[in-house]
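Taking it in order: structure first as structure tokens, then the write-up.
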Amino acid sequence: MSDLILFWHRRDLRISDNTGLDAARKRSAKVVGVFCLDPDILERDDVAPARVTYMIGCLDALKHRYTQVGSQLLILRGNPVQTIPALAKALNAKAVFWNWDVEPYAQTRDRLVIDALKEKGIEFLHQSWDQILHSPKEIHTSSQSPYTVYSPFWKNWSSKAKAKPLATLENATGLTENEQEIAKQAGVIQLPSAKDLGFIWHRELIISPGETAAQGKLEEFIAQNITEYKEQRNFPSVDGTSRLSAALKFGVIGIRTVWQATLEAQEHSRSEEAQGSIRTWQQELAWREFYQHAMYHFPQLAQGAYRDSFKNFPWQNNPKHFQAWCEGKTGYPIVDAAMGQLNETGWMHNRCRMIVASFLTKDLIINPQWGEKYFMQKLIDGDLSANNGGWQWSASSGMDPKPLRIFNPASQAQKFDAEGEYIRQWVSKLRSVDTEYLVTGKISSLERHRLSYPQPIVDHKVQQALFKTLYQQQKEITM
DNA sequence: TACTACTTGGC
DNA sequence: CCAAGTAGT
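Residue numbers (the UniProt record's numbering): 1 to 479.
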């Protein structure tokens with residue numbers, strides 16, 4: 001009889017290319033998956049219905065994957081500090097394995113679970129990094145400190161050899177019927193629906209849940225889009241991005257598998273342009289990793305601005321302006337279109353994430369944390385590190401010492417939605433407006449009234465000048 | 001210490 | 001052509 005190992009899934013909802021699961025399988029054939037629905041996470045006020053719906057779909061798919069290879073996925077609900085050790089004890093498991101997570105909440109939780117396991121005499125546990133290609137401690141400056149600037153991080157990170165994808169779990173042994181009964185008594189439940197958990201998402205998900213769908217998405221992107229990514233990624237009306245963000249957030253696809261696919265794409269493409277595009281996408285993967293490392297080393301990022309000059313910034317925080325931004329009623333077509341896409345689909349093109357973030361912080365002069373939270377309440381791919389990193393970048397409050405990034409909504413629309421296709425798709429009221437006026441936002445007051453489209457809530461020129469003044473003042477104070 | 005380089009821009 | 005300082009070496 002082989003030892004029972006529990007593998008605790010958190011943001012690695014797959015059985016392929018999973019470092020911790022691979023290690024668990026090597027230790028014993030009797031590997032059983034477990035996932036815990038944690039009220040401390042699900043009852044936060046920044047949880048998106050689309051995200052929970054996607055996650056539940058992924059868990060359902062994961063359940064089937066386990067069944068296919070001869071084992072089970074067990075579902076728990078409650079505080080993992082209690083539920084995981086209790087289940088392990090009841091089943092007389094030899095060990096619980098899992099993969100590390102950079103988030104501050106996860107770090108604290110995991111330490112408590114380790115303590116509780118030790119107390120119950122669960123002898124051995126194993127943890128590894130799985131979400132990222134290099135651990136936070138592996139990448140550092142010549143003076144042994146973490147990078148706080150992307151470019152040198154990228155130089156270092158990209159020069160290091162990356163691990164190959166790991167084997168998919170197979171020929172595992174699950175619980176006996178008797179053990180399944182014990183598991184039930186120890187709190188194992190049926191997988192609830194998102195609705196059971198109080199999250200309603202009526203629309204179709206923009207991304208199909210599950211490991212197989214994610215792998216399909218990766219293959220599709222590699223075959224069709226990656227060689228033109230550098231150009232095409234800029235246009236929100238074009239489907240030129242990978243759309244793998246949600247799958248990467250929940251670890252529905254392994255990052256080593258993704259990296260391997262980029263290497264194969266490099267081998268198969270000749271042109272400079274294609275090579276450059278693949279490199280650009282690899283850099284996006286490095287940004288994701290940079291932000292996870294940053295969150296690990298500087299957990300205070302989750303609490304607000306990294307730079308001193310933004311710590312006591314006199315944000316105007318006008319609630320009416322914020323509401324208009326959320327609802328896509330700012331009177332700036334490109335901003336409203338982007339917010340429409342977010343509200344209706346749970347996803348927003350990255351070009352537009354930058355536009356609306358710049359608008360909220362530099363034009364409305366609203367605390368970026370408000371926007372960051374709203375994104376988390378809506379995004380299917382909402383992830384603390386990536387979302388926080390993106391917002392701090394847009395707010396100029398983050399790590400890179402750069403000029404103030406103030407986007408001009410009209411120039412952005414002219415460059416990246418020149419025909420107004422994206423705006424027309426997401427602001428149906430404006431469909432009939434001539435492209436020139438649509439894109440520049442120069443729609444007459446009368447016309448706006450006729451179409452019941454809002455007047456601009458602020459003047460970009462005035463507000464960006466005001467922001468600059470406020471910033472200069474803050475800089476003097478904090479110097 | 002001196003020097004280099006700096007995601008996605010605006011005007 | 002000005003971004004805006006400064007991390008990283």
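Don't be surprised by glycine CBs; every beta carbon is placed ideally from N, CA and C.
Model, not experiment: these values are computed from the prediction.
| query | result |
| --- | --- |
| 8 Å Cβ cutoff met for residue 250 and residue 36 | no |
| Top-ranked residue by Cα proximity to residue 337, from 293, 426, 386 and 267 | 426 |
| Exposure of residue 446, with buried meaning 16 or more beta-carbon neighbours within 10 Å | exposed |
| 8 Å contact criterion, which residue 197 and residue 42 should meet: CB distance rounded | 6 Å |
| One or two residues paired with residue 8 in a DSSP bridge | 34 and 98 |
| The stretch 264-272 / the stretch 367-381 touching (three or more Cβ pairs under 8 Å) | no |
| Three-state secondary structure (DSSP) of residue 190 | coil |
| Beta carbon of residue 229 nearer than 8 Å to that of residue 280 | yes |
| Euclidean distance between Cα positions of residue 214 and residue 245 | 10 Å |
| Stretch pair the stretch 214-223 + the stretch 97-104: three plus CB contacts closer than 8 Å | no |
| Cα-Cα separation, residue 480 to residue 195 | Residue 480 cannot be examined here, being either before or after the span of the chain that is shown, 1 to 479. |
| Residue 372 classed as buried or exposed, judged by whether at least 16 other C-beta atoms fall within 10 angstroms | buried |
| Residue 133, DSSP secondary structure in three states | coil |
| Proximity below 8 Å, CB of residue 256 to CB of residue 160 | no |
| Presumed contact (8 Å Cβ cut-off) between residue 69 and residue 170, rounded CB distance | 5 Å |
| In DSSP terms, what residue 126 is bridged to | 97 |
| Other residues of its chain near residue 209: CB distance less than 7 Å, five sequence neighbours each side excluded | 54, 57, 58 and 61 |
| Residue from 175, 125 and 404 whose Cα sits closest to the Cα of residue 362 | 404 |
| Residue of 330, 364 and 80 minimising C-alpha distance to residue 448 | 330 |
| Residue 77 in three-state terms, based on DSSP | strand |
| Own chain partners of residue 132 with C-beta closer than 7 Å, once the 5 adjacent residues on each side are dropped | 255, 289 and 292 |
| Buried/exposed call for residue 388, threshold 16 Cβ in 10 Å | buried |
| Beta-carbon separation (whole angstroms), residue 28 vs residue 3, contact threshold 8 Å | 5 Å |
| Cβ pair residue 491, residue 265 closer than 8 Å | Residue 491 cannot be examined here, being either before or after the span of the chain that is shown, 1 to 479. |
| Cβ distance (whole Å) where residue 233 is taken to contact residue 227 below 8 Å | Going by Cβ atoms, the distance from residue 233 to residue 227 rounds to 12 Å, so no, they are not a contact pair. |
| Contact under 8 Å by Cβ, residue 312 with residue 364 | no |
| Helix, strand or coil at residue 391 [DSSP, three-state] | helix |
| Outcome for residue 386 when other beta-carbon atoms lying within 10 angstroms are tallied against a minimum of 16 | buried |
| Neighbourhood of residue 391 by C-beta, 7 Å cutoff - its chain only, sequence neighbours within 5 removed | 357, 368, 371 and 372 |
| Local conformation of residue 272 per DSSP, three classes | helix |
| For residue 380, the nearest candidate out of 407, 478, 348 and 104 (CA to CA) | 348 |
| Given 8 Å, three or more beta-carbon pairs between the stretch 399-413 and the stretch 77-89 | no |
| Own chain residues within Cβ distance below 6 Å of residue 107, not counting five before or after | none |
| Which of helix, strand or coil DSSP assigns to residue 455 | coil |
| Beta-carbon gap between residue 339 and residue 346 smaller than 8 Å | no |
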